[in-house]
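Novice:
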Amino acid sequence: MKGLLLGMTMLALSLGMAQQKAEDIIKGQCEKAQTVAEFWHGFQGGAPKEALDNLVVEFNKTQGGQVCVRTVSQGNYRDLSTKIKAAFASGKVPAMAQAFENNIALYLESNALEPVSALGISLQGINPLFLEAAKIKGQYYGVPFNKSVQLLYYNRDLLKKYSAKVPATIDEFVATAKQLSQGEKQPVYWFVPDTSTYAYWFFTLGGNYIQDGKLVLNSPIGIKALEFLVQAVKDSWAKPITNGFINTNFGSGVFGFATDTSAGYSYYAQAAKFDLAVATLPGRTARQPGYALVQGTDLVVFKAADAKEKQVAAEFIKFATSAQAQAVFGVAANYVPVNLGSGAVGAVTRYVKENPQFGVAITQARFARFEPALSQWEQIRFDILGQAITAAVLGQSTPKAALDKAQKAAEDLLSGKTR
Ligand code: FGO
Numbered sequence: 427m428k429g430l431l432l433g434m435t436m437l438a439l440s441l442g443m444a445q446q447k448a449e450d451i452i453k454g455q456c457e458k459a460q461t462v463a464e465f466w467h468g469f470q471g472g473a474p475k476e477a478l479d480n481l482v483v484e485f486n487k488t489q490g491g492q493v494c495v496r497t498v499s500q501g502n503y504r505d506l507s508t509k510i511k512a513a514f515a516s517g518k519v520p521a522m523a524q525a526f527e528n529n530i531a532l533y534l535e536s537n538a539l540e541p542v543s544a545l546g547i548s549l550q551g552i553n554p555l556f557l558e559a560a561k562i563k564g565q566y567y568g569v570p571f572n573k574s575v576q577l578l579y580y581n582r583d584l585l586k587k588y589s590a591k592v593p594a595t596i597d598e599f600v601a602t603a604k605q606l607s608q609g610e611k612q613p614v615y616w617f618v619p620d621t622s623t624y625a626y627w628f629f630t631l632g633g634n635y636i637q638d639g640k641l642v643l644n645s646p647i648g649i650k651a652l653e654f655l656v657q658a659v660k661d662s663w664a665k666p667i668t669n670g671f672i673n674t675n676f677g678s679g680v681f682g683f684a685t686d687t688s689a690g691y692s693y694y695a696q697a698a699k700f701d702l703a704v705a706t707l708p709g710r711t712a713r714q715p716g717y718a719l720v721q722g723t724d725l726v727v728f729k730a731a732d733a734k735e736k737q738v739a740a741e742f743i744k745f746a747t748s749a750q751a752q753a754v755f756g757v758a759a760n761y762v763p764v765n766l767g768s769g770a771v772g773a774v775t776r777y778v779k780e781n782p783q784f785g786v787a788i789t790q791a792r793f794a795r796f797e798p799a800l801s802q803w804e805q806i807r808f809d810i811l812g813q814a815i816t817a818a819v820l821g822q823s824t825p826k827a828a829l830d831k832a833q834k835a836a837e838d839l840l841s842g843k844t845r
């Protein structure tokens, strides 16, 4: 019987059914448990969700059956924060959830989060770059968990075809993208005209969203970064992708380059019909890579949850951010391990050798920036700045006019004039 079960598991794995399997295992684990700590997340499938569910299965196994964590997908990241806000109103909050730093600031306005210090979680060994961003008003309310950095994705076959080398600087990048685009008679740098892609160009050109304590969206560097992208499209070497992820658009032409999240790697690799590779982002000079935007989330625990559930959540967070778990999770979904001890874990050293994309993500993480942790930032990044970037790239507005308008809208929102 055991052999048959094992055989079936192997079959399920080889058929790609492992994902559902982990979910089912969790269901079974929680059926008998007295305390169930719900964990709301923003993964919808693929390697990240599978890696997360596997982590939860392993944690639950260590708990002896009395308690368990149950993962609940709430859609994408933005759906997740919308559901959490609704939960504050209905009173039905989970024990824990994923949260961007700006979500933490928002939830704190409702005094909804347990400070990490009250949970008995040690932050020793957690990457200080990630930790610093999770600190709000001198306190930690979240523990970095799945943090990504942007990378330069490229089509190695295409570079070979033109005897081009991997660009290390922006100037080299532009020259190579132009050369390949002329040769292919179509733009080879693909980008989503959103706040994430823009952030790489903005930060690398020296931009800063907060100036003298004030949010500035229409700074000279901001305008320059957006003008650069607009010009790249006009010069026919950059192609805006406005429907879905870049990896879901591979069929639409010749892909050469993208500047995208490391967590996209498994999706890119699965969809690519070419030799996919990654490198650190082109920098202003050859001396150091460009600045990646850090995305992905921290784990937070809600004050209003049941005390026992909160304890389970705290134990899970300790487990999930340990050197060992972060090594396994990071390797599976190409997130940067948040625990500095992960580098010494066997799985990581072996995997980096066989899967250079993971080593590149770890290197790139030394050159990374965060967006502002303002409670209104999610709304600003999607509905105000994101809209402005799209409008300019699609030629509906000049970069300056788009960003001036965004600045005004952000100020009105921040001052409470609009909602
Ligand atoms: C995503 C979003 C935010 C905020 C940034 C914020 C809210 C961005 C960007 C908007 O975990 P990351 O690195 O990558 C995600 C991971 C799990 O879903 O895989 C990526 N993925 C998924 C499917 C696919 O086909 N390809 C692929 O790459 C996915 O992006 O997070 C990056 C993308 C976005 O969601 O459109 O973080 N982001 N800051 N979202 N709500 N709030 O403040």
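Taking our numbering, the leading residue of the sequence shown gets 427, the next gets one more, and so forth.
In this text, a Cβ means the ideal position worked out from N, Cα and C, and glycines have one as well.
1. Once DSSP output is grouped into helix, strand and coil, what is the label at residue 433?
2. Threshold first: 3 residues or longer. Then list the beta strand (DSSP E) segments lying entirely within the stretch 588–663, N to C.
3. So, does the stretch 512–528 touch the stretch 782–801, judging by three or more C-beta pairs under 8 Å?
4. Using only alpha-carbon positions, find the residue among 805, 806, 718 and 695 that is nearest to residue 580.
5. Just to confirm before moving on: does the CB-CB distance between residue 540 and residue 727 stay below 8 Å?
6. Can you check DSSP and say which residues form a bridge with residue 721?
7. Just verifying my parser: in three-state terms, what is the DSSP assignment at residue 674?
8. Taking the beta strand (DSSP E) that residue 476 belongs to, which residues open and close that run?
9. Regarding residue 626 and the ligand FGO, is the C-beta to nearest heavy atom distance less than 7 Å?
10. Checking 8 Å against the spacing of the C-beta atoms, do residue 778 and residue 767 come in under that value?
11. Could you check which residue in 773, 737 and 764 has the C-alpha nearest to that of residue 492?
12. Can you tell me whether residue 453 is buried or exposed, with buried defined as 16 or more other CB within 10 angstroms of its CB?
13. Using only the alpha-carbon positions, how far apart do residue 690 and residue 562 sit?
14. Going by the C-beta, is residue 795 closer than 7 Å to any heavy atom of the ligand FGO?
15. Put residue 797 into one of helix, strand or coil per three-state DSSP.
16. Take the Cβ of residue 820 as the centre, count every other Cβ of all protein chains shown within 10 Å, and call the residue buried at 16 or more, exposed below.
17. Please report how far the alpha carbon of residue 448 lies from the alpha carbon of residue 840, in whole angstroms.
18. For residue 808, does the count of other Cβ atoms within 10 angstroms reach 16, so buried, or fall short, so exposed?
19. Counting beta carbon pairs with one atom in the stretch 452–466 and one in the stretch 492–503, are three or more of them shorter than 8 Å?
20. Who are residue 709's beta bridge partners in DSSP?
21. Go ahead and pull the three-state DSSP assignment for residue 565.
22. Report the partner residues of residue 666 according to the DSSP bridge assignment.
23. At the level of alpha carbons, what is the spacing between residue 655 and residue 664?
24. Should residue 644 go down as buried or exposed, given a rule of 16 or more other Cβ atoms within 10 Å for buried?
25. Roughly how many angstroms lie between the CA atoms of residue 443 and residue 482, to the nearest whole one?
Specialist: Reading off the structure:
1. Reading the sequence shown from its first residue, position 7 is the one you call residue 433. Low confidence applies to residue 433: its pLDDT is 41, below 50, so where it sits in the model is not reliable, and the reading given next is rough at best. Residue state, collapsed to three classes: helix.
2. Secondary structure in the stretch 588–663: the beta strand (DSSP E) runs of 3 residues or longer, each lying completely within the stretch, are 615–617 in chain order.
3. Contact between the stretch 512–528 and the stretch 782–801 is present, because at least three Cβ pairs lie under 8 Å.
4. Counting from 1 along the sequence shown, the entry for residue 580 is found at position 154. With distances taken between Cα atoms, residue 580 lies closest to 695.
5. The residue labelled residue 540 in the question sits at position 114 within the sequence shown. The residue labelled residue 727 in the question sits at position 301 within the sequence shown. In this structure, residue 727 lies closer than 8 Å to residue 540 by Cβ.
6. Taking the first residue of the sequence shown as position 1, residue 721 is located at position 295. DSSP output for residue 721 lists 574 as bridge partner(s).
7. Within the sequence shown, residue 674 is the residue found at index 248, counting from 1. Of the three classes helix, strand and coil, the one that applies to residue 674 here is helix, per DSSP.
8. Position 50 of the sequence shown, counted from the first residue, corresponds to residue 476. No beta strand (DSSP E) holds residue 476; the alpha helix (DSSP H) holding it covers 472–487.
9. Here residue 626 is taken as the residue at index 200 of the sequence shown, counted from 1. At a threshold of 7 Å, residue 626 does not count as near the ligand FGO, since its beta carbon sits no closer than that to any of the ligand's heavy atoms.
10. To locate residue 778, count along the sequence shown from 1; it is residue 352. To locate residue 767, count along the sequence shown from 1; it is residue 341. Contact flag unset, no.
11. By 1-based counting over the sequence shown, the position of residue 492 is 66. The residue with the shortest Cα to Cα distance from residue 492 is 737.
12. Walking along the sequence shown from the start, residue 453 turns up at place 27. By the 10 Å Cβ count, residue 453 comes out exposed.
13. By 1-based counting over the sequence shown, the position of residue 690 is 264. By 1-based counting over the sequence shown, the position of residue 562 is 136. Taking the straight line from one Cα to the other gives about 28 Å.
14. To locate residue 795, count along the sequence shown from 1; it is residue 369. Result no, Cβ not under 7 Å from the ligand FGO.
15. Along the sequence shown, read from residue 1 onward, the residue named residue 797 stands at position 371. Residue 797 carries a coil assignment under DSSP once its states are collapsed to helix, strand and coil.
16. Numbered from its first residue, the sequence shown carries residue 820 at position 394. With fewer than 16 Cβ atoms within 10 Å of its Cβ, residue 820 is classed as exposed.
17. Your numbering for residue 448 matches position 22 in the sequence shown. Your numbering for residue 840 matches position 414 in the sequence shown. Counting only the Cα atoms, residue 840 lies some 43 Å from residue 448.
18. By 1-based counting over the sequence shown, the position of residue 808 is 382. Exposed: under 16 other Cβ atoms inside 10 Å.
19. In this structure the stretch 492–503 lies against the stretch 452–466, because at least three pairs of beta carbons, one per stretch, are closer than 8 Å.
20. For the purposes of this step, residue 709 is taken as the residue at position 283 of the sequence shown. Answer is 595.
21. As a first step, residue 565 is located in the sequence shown; it is residue number 139 there, counting from the start. Strand at residue 565.
22. Here residue 666 is taken as the residue at index 240 of the sequence shown, counted from 1. The partner list for residue 666 (beta bridge, DSSP) reads 617.
23. Within the sequence shown, numbered from 1, the residue matching residue 655 stands at position 229. Within the sequence shown, numbered from 1, the residue matching residue 664 stands at position 238. Roughly 8 Å between the two C-alpha positions.
24. The residue you call residue 644 lines up with position 218 of the sequence shown. The residue in question, residue 644, is buried, as its Cβ has 16 or more Cβ neighbours within 10 Å.
25. On the sequence shown, residue 443 is found 17 positions in, with the first residue counted as 1. On the sequence shown, residue 482 is found 56 positions in, with the first residue counted as 1. In this prediction, residue 443 scores a pLDDT of 49, lower than 50, which makes its location untrustworthy; no coordinate-derived value is stated.
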